[in-house]
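Position 31 (the sequence shown) corresponds to 47 in the working numbering; numbering is contiguous.
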Amino acid sequence: MLPNFLKAIGMLQQPLEQLLEECHPSCLVADMVFPWAAEAANKLRIPRLFFNGTDQIKLTRLRLPAFIKERTENELTKLMDKISESMVRSYGVLTNSFLELELAYSEHYKMEIKRKTRHIGIP
């Protein structure tokens with residue numbers, strides 16, 4: 017099922033590029049599951065913001081699937097690598113959090129990803 021989902025997502029790249037060429041937006045905010053959006057925005061010199069709307073992380077490292085811990089290559093690990101590369105190439109990151117509640121995490125996150133961060137959660 018995941019390969020079909022990834023293929024379907026990838027089919028959105030060309031229509032997005034066409035829309036960006038026609039509309040000339042001042043920036044592009046794209047969810048992390050669209051790692052190719054960074055390439056599309058870079059082609060047209062449009063700043064791209066990486067949106068990380070994740071919710072609670074309910075897995076500890078001990079409970080991660082073996083293929084993630086061992087870095088066995090499969091469709092999911094390839095996607096994870098593309099997402100990481102996409103974040104590095106982005107202008108900044110929007111995250112579903114708010115500074116007042118998670119200040120220590122927010123500062124740590126910004127230092128780790130070495131990108132501008134904006135927290136858009138509602139306190």
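Quick reminder that beta carbons are idealized off the backbone N, C-alpha and C, glycines included. Please read all numbers here as calculations on a predicted model, not as lab measurements.
Find out if the Cβ-Cβ distance for the pair residue i, residue j is shorter than 8 Å.
{"i": "Thr88", "j": "Gly108", "result": "no"}
{"i": "Met48", "j": "Asn20", "result": "no"}
{"i": "Glu38", "j": "Lys59", "result": "no"}
{"i": "Glu128", "j": "Leu18", "result": "no"}
{"i": "Leu28", "j": "Leu95", "result": "no"}
Among the options, whose alpha-carbon lies nearest the alpha-carbon of residue i?
{"i": "Val45", "options": "Ala54, Leu18, Leu117 and Glu37", "result": "Ala54"}
{"i": "His40", "options": "Met96, Ile62 and Gln29", "result": "Ile62"}
{"i": "Ala56", "options": "Ile129, Leu35, Asn90 and Met96", "result": "Leu35"}
{"i": "Leu119", "options": "His135, Lys130, Leu75 and Leu18", "result": "His135"}
{"i": "Ser102", "options": "Glu91, Glu128 and Leu65", "result": "Leu65"}
{"i": "Ser100", "options": "Gln29, Pro51, Arg131 and Gly26", "result": "Pro51"}
{"i": "Asn112", "options": "Gly26, Glu33 and Tyr121", "result": "Tyr121"}
{"i": "Cys43", "options": "Ser106, Glu116, His124 and Leu115", "result": "Ser106"}
Name the DSSP beta bridge partners of residue i, please?
{"i": "Asn68", "result": "Thr111"}
Quick check on the DSSP output: the alpha helix (DSSP H) that includes residue i runs from which residue to which?
{"i": "Leu18", "result": "Leu18 to Gly26"}
{"i": "Lys85", "result": "Ala82 to Lys85"}
Beta strand (DSSP E) containing residue i: first to last residue?
{"i": "His124", "result": "Unbroken run through His124 is the alpha helix (DSSP H), Leu119 to Ile129; no beta strand (DSSP E)."}
{"i": "Lys74", "result": "Premise fails: Lys74 is in no beta strand (DSSP E) and is neither H nor E."}
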